[in-house]
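Colleague: For the sequence shown, our numbering gives the first residue as 296, with consecutive numbering after it. From the three backbone atoms N, C-alpha and C, an ideal C-beta is built for every residue, glycine too. First, the structure itself, so that you have it in front of you.
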Amino acid sequence: QLHSFLMDAKVRISQILLPPCADLCGNEDTEMADLGKLKGRTSQDSESILEGGLNVPLLTCVEDKKKIAKRTKSRILRWPTDVIRLQNELPSRCVDKDWMILYSTADHGISISTFYRKVLNHRDTILLVSDHNGHRFGAFVPLPWRNRQDYFGTGESFVFTLDPVFAVYRWSGANNMCAFSDNTGLLLGGGGQPAIWLDADFNMGSSGPCETFANPCLASADMFKCIHVE
């Protein structure tokens, strides 16, 4: 379906690298109950992704009409395979949008305070992680990241793996512990182990089964070293 759209519209691949997602500031009051239809949805694809660098990117979406003067190439996503796969999993408001990298440790250092400043008020972001063994995984976070000691998110949140296989783990409905972020680091999922946890230096992390997304370990090991964050 996406392929047909691209062929008909003759859209250049650079215009669909990353399907952006909607308003920079949106309604944070979306109720979990209204998103019950998303419970337990899992998508898998056994095709391996091409090898690449070890990275962890955070990307956000902006309106197509707002042209980005300078594009920064992601150090982890494989074009166009990863983009098309993720595009198909995002909310409809994220279709036909353009993406930009908000924060990168390569460009901005490893300060979590810089991270919060760069992503301030941006919703619909994707966090990507690549560990020291080349496993690539991440999460879609519909609400803006915030430095607060409580959980946030909606039933649109999900975690996923890109390597060694593509798989998506959506909100299970078991709890509302979608995302948590403060000065100590970033955390996705709760109940059991976090699906993804990164320390404040974006140096070490952990991953394991959690009730929020009913996911297995997403990384190559329960404890992993991350090389890069965007």
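#1: Between residue 604 and residue 402, which are expected to be in contact by the criterion C-beta below 8 Å, what is the C-beta distance as a whole number of angstroms?
#2: In the DSSP assignment, what residue or residues form a beta bridge with residue 456?
#3: Let's see if you can read the secondary structure: which residues bound the alpha helix (DSSP H) around residue 287?
#4: Hey, is the region 454 to 473 in contact with the region 406 to 417, meaning 3+ C-beta pairs nearer than 8 Å?
#5: Go ahead and pull the three-state DSSP assignment for residue 473.
#6: Helix or strand or just coil, what does DSSP make of residue 407?
#7: Excluding the 5 residues preceding and the 5 following residue 445 in the sequence, name in chain order all residues of the same chain whose CB lies nearer than 8 Å to its CB.
#8: Between 487, 515, 479 and 461, which lies nearest to residue 472 when the distance is taken from Cα to Cα?
#9: Where does residue 389 fall in DSSP's three states?
#10: When you compare only the Cα positions, how much space is there between residue 515 and residue 500?
#11: Taking residue 496 as part of the beta strand (DSSP E), name the residues at either end of that continuous run.
#12: If you draw a straight line from the alpha carbon of residue 387 to that of residue 464, how long is it in whole angstroms?
#13: Out of 398, 424 and 373, which one is the CA nearest neighbour of residue 482?
#14: Less than 8 Å between the beta carbons of residue 435 and residue 453, yes or no?
#15: Hey, how far is the Cα of residue 369 from the Cα of residue 382?
#16: Rounded to whole angstroms, what's the CA-CA distance from residue 380 to residue 459? Just pull it up for me.
#17: Are there 16 or more other CB atoms within 10 angstroms of the CB of residue 439, so buried, or fewer, so exposed?
#18: CA-CA distance, residue 585 and residue 495?
#19: For residue 413, which of 428, 430 and 395 has the nearest alpha-carbon?
#20: Taking residue 371 as the reference, give the member of 393, 421 and 384 with the closest Cα.
#21: Can you list, in chain order, the residues of its chain with a C-beta nearer than 7 Å to that of residue 517? Leave out the 5 residues immediately preceding and following it.
#22: By alpha-carbon positions, which one of 479, 507, 462 and 407 ends up nearest to residue 448?
Modeller: Based on what the coordinates show:
#1: Nothing about residue 604 can be reported from this structure: the residues present for the chain run from 296 to 525 only.
#2: Looking up residue 456 in the sequence shown gives position 161. According to DSSP, residue 456 bridges with 432 and 462.
#3: Outside the displayed range of the chain (296 to 525) lies residue 287, so it cannot be described from this structure.
#4: no
#5: For the purposes of this step, residue 473 is taken as the residue at position 178 of the sequence shown. The three-state reading of DSSP puts residue 473 in coil, since its state is none of H, G, I, E or B.
#6: In the sequence shown, counting from the first residue as 1, residue 407 sits at position 112. In the structure shown, residue 407 sits in a helix (DSSP, three-state: H, G or I).
#7: In the sequence shown, counting from the first residue as 1, residue 445 sits at position 150. Correct list, in chain order: 475.
#8: The residue you call residue 472 lines up with position 177 of the sequence shown. Among 487, 515, 479 and 461, the Cα nearest to that of residue 472 is on 487.
#9: Numbered from its first residue, the sequence shown carries residue 389 at position 94. Of the three classes helix, strand and coil, the one that applies to residue 389 here is helix, per DSSP.
#10: To locate residue 515, count along the sequence shown from 1; it is residue 220. To locate residue 500, count along the sequence shown from 1; it is residue 205. Taking the straight line joining both Cα atoms gives about 11 Å.
#11: By one-based count along the sequence shown, residue 496 stands at place 201. For residue 496, there is no enclosing beta strand (DSSP E), since its DSSP letter is neither H nor E.
#12: Here residue 387 refers to the residue found at position 92 of the sequence shown. Here residue 464 refers to the residue found at position 169 of the sequence shown. Going from the Cα of residue 387 to the Cα of residue 464 covers about 18 Å.
#13: As a first step, residue 482 must be located in the sequence shown, where it is residue number 187. Residue 424 is the option with its Cα nearest to residue 482.
#14: Position 140 of the sequence shown, counted from the first residue, corresponds to residue 435. Position 158 of the sequence shown, counted from the first residue, corresponds to residue 453. Yes, the pair counts as a contact, with Cβ atoms nearer than the cut-off.
#15: Locating residue 369 in the sequence shown gives position 74, where the first residue counts as 1. Locating residue 382 in the sequence shown gives position 87, where the first residue counts as 1. C-alpha separation (whole angstroms): 16 Å.
#16: Residue mapping note: residue 380 aligns to position 85 of the sequence shown, counting from 1. Residue mapping note: residue 459 aligns to position 164 of the sequence shown, counting from 1. Residue 380 and residue 459: Cα-Cα distance of roughly 14 Å.
#17: Numbered from 1 along the sequence shown, position 144 holds the residue referred to as residue 439. Of the other Cβ atoms in all chains shown, 16 or more fall within 10 Å of the Cβ of residue 439; this residue is therefore buried.
#18: This structure does not reach residue 585, given that the chain is present from 296 up to 525, and the question cannot be answered.
#19: As a position in the sequence shown, residue 413 is number 118, starting the count at 1. Measuring from the Cα of residue 413, the nearest candidate turns out to be 395.
#20: Taking the sequence shown and counting its residues from 1, the one referred to as residue 371 is at position 76. Comparing C-alpha distances from residue 371 to each of 393, 421 and 384 shows the shortest one belongs to 421.
#21: For this step, residue 517 is matched to residue 222 along the sequence shown. Result list for residue 517: 501, 502 and 503, in chain order.
#22: For the purposes of this step, residue 448 is identified with residue 153 of the sequence shown, where counting begins at 1. It is 507.
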